[in-house]
Amino acid sequence: GDSVTQMEGPVTLSEEAFLTINCTYTATGYPSLFWYVQYPGEGLQLLLKATKADDKGSNKGFEATYRKETTSFHLEKGSVQVSDSAVYFCALSDGGGSTLGRLYFGRGTQLTVWP
Amino acid sequence: ETGVTQTPRHLVMGMTNKKSLKCEQHLGHNAMYWYKQSAKKPLELMFVYNFKEQTENNSVPSRFSPECPNSSHLFLHLHTLQPEDSALYLCASSQEVMGRNQPQHFGDGTRLSIL
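Protein chains in written order, with this note's numbering: chain A, 461 to 575; chain B, 1388 to 1502.
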């Protein structure tokens, strides 16, 4: 079945460091891929998405490219800020048949950025 | 402001109490979802509603009873809960259930503690 695997956390970085959070997926169809972010005390917010192979999603300095050949959707940011400290979730949706638009989430990666 | 409002934000209840969680979305979406987020566990999809009709019950115990009177409102009625039910309960909505490109919009959740 469909699933998402993302790197175990926690990830701790200094401000202005480069960030990569790895995400790989397994899907039977042609899924859409998402990154969500959860700030402390809040729900999940959509950070970016990509709907087909080679698409690049971007928002707030974060980027992720939909790589069908490696079934990956790694999240990157060139220079993190303290305000980026949060939990990041990779997710996929294939929207077909019995899954009825179900989102499959990874376990989440805690990011802490120090000043 | 995500467009999805959950109340209450925090709830403490005894195992014999009956309470309800409320979710309201102001986005004009047709699909609504309940998720359970427990510490150190993946996000768990509980229920899916499409145009007020329940389309998925993900093997949730009967002590959780959802209600969707219209496309904008979703309730989760709680009765005789167990300590392991303590978690963050998240509501989400999307434009349509079958849409693979449709991101879900989340509320900030209700933090539930069972004494």
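The C-beta atom is built at its ideal place from N, Cα and C for all residues, glycine as well. The model shown is predicted, which means the values in this text are computed figures rather than measured ones.
{"Asked": "Under a CB-based cut-off of 9 Å, is B:L1463 close to chain A?", "Found": "no"}
{"Asked": "Assuming contact is defined by CB atoms lying nearer than 9 Å, are A:S539 and A:F478 in contact in what I supplied?", "Found": "yes"}
{"Asked": "Using the rule of at least 16 other Cβ atoms within 10 Å of the residue's Cβ for burial, across every protein chain shown, is A:S558 buried or exposed?", "Found": "Annotation note: pLDDT 48 at A:S558 (below 50); position unreliable, coordinate value reported separately. Label assigned to A:S558: exposed."}
{"Asked": "Just verifying my parser: in three-state terms, what is the DSSP assignment at B:K1428?", "Found": "coil"}
{"Asked": "For A:Y499 versus A:A551, is the C-beta spacing smaller than 9 Å?", "Found": "no"}
{"Asked": "By the DSSP assignment, the beta strand (DSSP E) with A:G568 in it spans what residues?", "Found": "Unbroken run through A:G568: none, as it is neither H nor E."}
{"Asked": "I want to see whether chain B comes within less than 9 Å of A:S553, judged by CB atoms only; does it?", "Found": "yes"}
{"Asked": "Provide the residue(s) that pair with A:S463 in DSSP beta bridges, ordered along the chain.", "Found": "A:T486"}
{"Asked": "For chain A, is any of its Cβ atoms less than 9 Å away from the one on B:K1428?", "Found": "yes"}
{"Asked": "State the Cα-Cα distance for the pair A:G501 and A:E468, rounded to the nearest angstrom.", "Found": "21 Å"}
{"Asked": "What residues in the region 488-509 of chain A bring their beta carbon closer than 9 Å to a beta carbon of chain B?", "Found": "G489, Y490, P491, S492, F494, Y496, Q498, G501, E502, G503, L504, Q505, L506 and K509"}
{"Asked": "Roughly how many whole angstroms lie between the Cα atoms of B:E1443 and B:C1478?", "Found": "15 Å"}
{"Asked": "Go through its chain and collect everything with a Cβ distance to B:M1402's Cβ below 8 Å, but skip five positions before and after it.", "Found": "T1467, L1468, Q1469, P1470, I1501 and L1502"}
{"Asked": "What residues in its chain sit with their C-beta under 6 Å from that of B:K1405, if we drop five residues either side in the sequence?", "Found": "H1466"}
{"Asked": "In chain B, which residues lie with their C-beta within 7 Å of the C-beta of A:L535?", "Found": "Those within 7 Å of A:L535 in chain B number zero; the least Cβ separation is about 15 Å."}
{"Asked": "How about B:L1475 and B:R1498: are their beta carbons less than 9 Å apart?", "Found": "yes"}
{"Asked": "What are the start and end residues of the beta strand (DSSP E) that includes B:G1415?", "Found": "It is not in any beta strand (DSSP E) - B:G1415 carries neither H nor E in the DSSP assignment."}
{"Asked": "Under 6 Å Cβ to Cβ from B:H1397, same chain only, skipping five residues before and after it: list those, please.", "Found": "R1498"}
{"Asked": "Residues bridged to B:H1460 by DSSP?", "Found": "B:E1411 and B:N1457"}
{"Asked": "Grab me the residues of A:Y485's own chain with a C-beta within less than 6 Å of its C-beta, minus the 5 sequence neighbours each way, in chain order.", "Found": "V464, T531 and L552"}
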